[in-house]
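Position 164, counted from 1, in the sequence shown is what the numbering used here calls 167; the numbers after and before it change by one each time, with no gaps.
Heads up, the beta-carbon is just placed ideally off N, CA and C, and yes, glycines get one too.
Quick caveat: nothing in here was measured; it's all calculated off a predicted structure.
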Amino acid sequence: MQPHHAHGTISVHLARFIVDALHRSGGDMGRFARFHDLGPEVLGNELARVSTPSALAVWEELTLTEPGTVVGALLTDEAPIGTFGLWDYLVTSGPSLRESLKQVVEYNAVIGDPAHEKLLVEEDGRSLTIRHATGSWGPDVVEAIDWFALAMFLTRARAATGRALVPLRVGVTHGAPGGYRRLAEFFGTTRIDFGAPYNSITFHDDDVRAPLPKAQPGLDRLLVQQARLTLAAAQPVMLWQDSFRMVLAGAFREDAVNLEHVAGRLAMSPRTLQRRLRELGTTWREEVESVRQERTMELLRSTDLPLQVIAARVGYSDMRALRRAVRRWDGRAPRDIRNAAVLAAPAAPAG
Numbered sequence: 004m005q006p007h008h009a010h011g012t013i014s015v016h017l018a019r020f021i022v023d024a025l026h027r028s029g030g031d032m033g034r035f036a037r038f039h040d041l042g043p044e045v046l047g048n049e050l051a052r053v054s055t056p057s058a059l060a061v062w063e064e065l066t067l068t069e070p071g072t073v074v075g076a077l078l079t080d081e082a083p084i085g086t087f088g089l090w091d092y093l094v095t096s097g098p099s100l101r102e103s104l105k106q107v108v109e110y111n112a113v114i115g116d117p118a119h120e121k122l123l124v125e126e127d128g129r130s131l132t133i134r135h136a137t138g139s140w141g142p143d144v145v146e147a148i149d150w151f152a153l154a155m156f157l158t159r160a161r162a163a164t165g166r167a168l169v170p171l172r173v174g175v176t177h178g179a180p181g182g183y184r185r186l187a188e189f190f191g192t193t194r195i196d197f198g199a200p201y202n203s204i205t206f207h208d209d210d211v212r213a214p215l216p217k218a219q220p221g222l223d224r225l226l227v228q229q230a231r232l233t234l235a236a237a238q239p240v241m242l243w244q245d246s247f248r249m250v251l252a253g254a255f256r257e258d259a260v261n262l263e264h265v266a267g268r269l270a271m272s273p274r275t276l277q278r279r280l281r282e283l284g285t286t287w288r289e290e291v292e293s294v295r296q297e298r299t300m301e302l303l304r305s306t307d308l309p310l311q312v313i314a315a316r317v318g319y320s321d322m323r324a325l326r327r328a329v330r331r332w333d334g335r336a337p338r339d340i341r342n343a344a345v346l347a348a349p350a351a352p353a354g
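Written out as structure tokens, the structure is:
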């Protein structure tokens, strides 16, 4: 189930966990002081959805800690059942691990970003495999998230069955990291295929079909209903891109439209800002042009400022450049846009 309003966000439970993990690791927390959706009010709201770009910034810092990218797997040992809220109970409440795993794959939006976290279940009669892929982020972040996803399925499978399950095999698209020994200990096997065509974890069919010891008849169906209600009631906090555009719009008002100034306001380096924009499928130049267009059209429609003043406010060298831009955007001259706005305005009541 992938509700549209959850796209671009993750659950507050997951966000809270990685923020706490970074704090415990002694990582740099200072850069997140201005991240509105990582503040205590948001992280304390059980229905909040935190923007994926904000979460990626935390993951980036986590990969700089001592374990490197394998931190994604090792972190899950610090997450008992209940850490991730409803998702944890969905995976432990079905009649068998097979049904539970299929259920949490279907409702992956309860914990992750359904626009970017892709999961697939495959069965061949002898085994059950879960495949995972994440978005096109920085390579270290992608690797850490891939390890995290596979480790989550293993730790939850072990909790659900009450046994130290060992997967038949694990596959990742990445090369062998420096922490290979710790990964082998964590997964309980050396059958970890590096450079695989996709990320996956495979369980024996007997393990996934055995009845779960704590299963209660009908509870899984109630939890599915709760998952639907939770997703419907979710409250996405302002997305990172929205925050960026607010800062950029403010830079226009302050006559400070430059990459360094805006990056500083967002508590990041210019290079990081450019990378975040690329992750969202846009660029600094495209965003500046978009906000410039919005600002120009707003000033034309709602003020009687001279064109020369508007041109200066939105960063054009002269009125001719402004006229060319407006005609390119709207197909009309600035004068025609203003005239149309006047005609569309409600008439003042007769005195």
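Residue of the options minimising C-alpha distance to residue i
i, options, result
"E120", "R338, L325, G138, T275", "G138"
"H10", "V240, L123, G97", "V240"
"T205", "E69, G174, L46, G29", "G174"
"A252", "R101, P309, D333, L302", "L302"
"V260", "L104, I195, R248", "R248"
"T355", "D23, E49, R224, S203", "An answer regarding residue 355 cannot be provided, because it is not within the stretch 4 to 354 covered by the chain."
"N342", "A328, W332, D307", "D307"
"T275", "L59, T176, A36", "L59"
"S57", "T12, F87, S203, Q229", "T12"
"A129", "A187, E290, R101", "The amino acid at residue 129 is misidentified as Ala; the sequence shows Arg. The shortest Cα separation from R129 among A187, E290, R101 belongs to R101."
"G318", "R256, D127, R279, H177", "R256"
"L25", "Q228, L269, E64", "E64"
"T158", "T176, W90, G221, L50", "W90"
"E69", "L232, G30, Q229, L122", "G30"
"S103", "V227, W140, A315", "V227"
"F151", "R27, V53, F189", "F189"
"M271", "M32, T233, Q238", "M32"
"G71", "P83, A112, S28, P43", "S28"
"G85", "R327, E49, D196, I133", "E49"
"P142", "G47, R278, F20", "R278"
"G267", "H16, F38, F20, I21", "F38"
"V53", "R194, I313, R327, V15", "V15"
"A179", "L232, A199, R316", "A199"
"V144", "E126, L225, R194, H177", "H177"
"T132", "D223, M300, S203", "S203"
"Q229", "M300, W332, V107", "V107"
Expected contact under 8 angstroms - CB spacing of residue i and residue j to nearest Å
i, j, result
"L41", "A18", "7 angstroms"
"R330", "A324", "Not quite, the Cβ-Cβ distance comes to about 11 angstroms (not below 8 angstroms), so this is no contact."
"L262", "W287", "6 angstroms"
"P117", "A218", "At roughly 27 angstroms, the Cβ-Cβ gap does not stay under 8 angstroms, so P117 and A218 are not in contact."
"D209", "L168", "Incorrect: roughly 11 angstroms between the Cβ atoms, too far for contact."
"L280", "E292", "With 8 angstroms as the limit, L280 and E292 do not qualify as a contact, their Cβ atoms being about 13 angstroms apart."
"V74", "A160", "Not a contact, Cβ separation roughly 21 angstroms."
"Y201", "A154", "16 angstroms between Cβ atoms; not a contact."
"V45", "A36", "Contact doesn't hold; Cβ gap of about 13 angstroms is too wide."
"D321", "A328", "11 angstroms between Cβ atoms; not a contact."
Status (buried if at least 16 other CB within 10 Å, exposed otherwise) for residue i
i, result
"V345", "exposed"
"S305", "exposed"
"E282", "buried"
"Y92", "buried"
"L67", "exposed"
"P220", "exposed"
"Q311", "exposed"
"S246", "buried"
"R338", "exposed"
"A351", "Model confidence at A351 stands at a pLDDT of 49, short of 50, so the residue's coordinates are unreliable; what they give is reported in the following sentence. Under this definition A351 is an exposed residue."
"A236", "exposed"
Three-way DSSP call (helix, strand, coil) for residue i in this model
i, result
"E126", "strand"
"D196", "strand"
"S99", "strand"
"A351", "For A351, the predicted model reports a pLDDT of 49, less than 50, meaning its position is unreliable; a value from the coordinates is still stated below. Reduced to three states, the DSSP call for A351 is coil."
"T158", "helix"
"L215", "coil"
"G38", "Before going on, a small fix: residue 38 reads as Phe here, not Gly. Residue state, collapsed to three classes: coil."
"T306", "coil"
"A51", "strand"
"P56", "helix"
"L168", "coil"
"T286", "coil"
"P239", "strand"
"T86", "coil"
Start and end residues, alpha helix (DSSP H) containing residue i
i, result
"V265", "262-268"
"H16", "15-28"
"S139", "Neither: S139 is in no alpha helix (DSSP H) and is coded neither H nor E."
"I313", "310-316"
"T275", "273-282"
"E44", "43-46"
"G75", "74-77"
"E69", "E69 -> no alpha helix (DSSP H), and no H or E assigned at all."
"R323", "322-333"
"E188", "183-190"
Boundaries (first-last residue) of the beta strand (DSSP E) holding residue i
i, result
"V173", "172-174"
"S203", "202-207"
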